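Written out below as structure tokens is the structure these notes cover.
Numbering (the working numbering), first residue to last: 34 to 275.
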């Protein structure tokens, strides 16, 4: 059984979902990756650090749960105009500190010693879990926020839903972008430019401006004459001897 302070912190900001789901993620991900590595054509068949990396990612998930709960509690304290009380401020700071320490220690010191850059399947599963849970909590917070606004609930309770929406939407979006980057997704192609419409072009009719071309002098009446030295005979007679 968890201490009362931890339970209050996590349940108040939805961080409990990360903590309770982390062991389930660890068990299912380990089973899947070990089973996949036994296939002869698997790209992870030579990965001997599956269990090690999953344990490290498990610790990161636990840290994210504490940090997310603390950050949401702190944002609620600020958004409510400090009406949540000093205990909320202290719980928020405690959650952030207790979550950032394992995240920095694991991601900055321990994880770089593994082959997580060469074999990214464990990382993709972790980011997928974060994107799914973060997105779910964000949608639940959005629904509660809209309901409180429509029902004209006090801002002290509505601000908590707003804080959770901001925190969990940020976690879900960040994890989704990282998962897409590891999965080699590509942005949609840019829209094709539309062909110009209507004729003639602006600035005049036919012929286009700039005519006649060089080497073709204007003829009689402003038209285009033949090239010099040949073509049509001059007025008043036939061809003149040269």
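Beta carbons are placed, not taken as given, at the ideal position from N, Cα and C, and that holds for glycine.
Remember, it's a predicted structure, so these values are computed and weren't measured experimentally.
- Looking at the backbone, the Cα of residue 158 and that of residue 173 are separated by about 23 Å.
- In the three-state DSSP reduction, residue 90 falls in the helix class (H, G or I).
- Annotation: residue 93 to residue 136 spans about 5 Å, alpha carbon to alpha carbon.
- Taking the C-beta atoms as reference points, residue 110 is found no nearer than 8 Å to residue 98.
- Just measuring C-alpha positions, the residue of 50, 116, 215, 152 sitting nearest residue 80 is 152.
- For the pair residue 141 and residue 208, the CB atoms are not nearer than the 8 Å cut-off.
- The three-state reading of DSSP puts residue 149 in coil, since its state is none of H, G, I, E or B.
- Separation of residue 131 and residue 100 (C-alpha to C-alpha, rounded to the nearest whole angstrom) is 7 Å.
- About 6 Å separates the beta carbons of residue 164 and residue 212, which is inside the 8 Å limit, making them a contact pair.
- Taken in chain order, the complete beta strand (DSSP E) segments of 3 or more residues contained in the segment 65 to 130 number zero; there are none.
- Shown here, residue 213 sits in a helix according to DSSP, grouped into three states.
- By the CB criterion at 8 Å, residue 197 and residue 105 fall inside the cutoff.
- Annotated three-state conformation of residue 174 is helix, per DSSP.
- Distance from the CA atom of residue 65 to the CA atom of residue 187, rounded to whole angstroms, is 46 Å.
- For residue 222, the three-state secondary structure derived from DSSP is coil.
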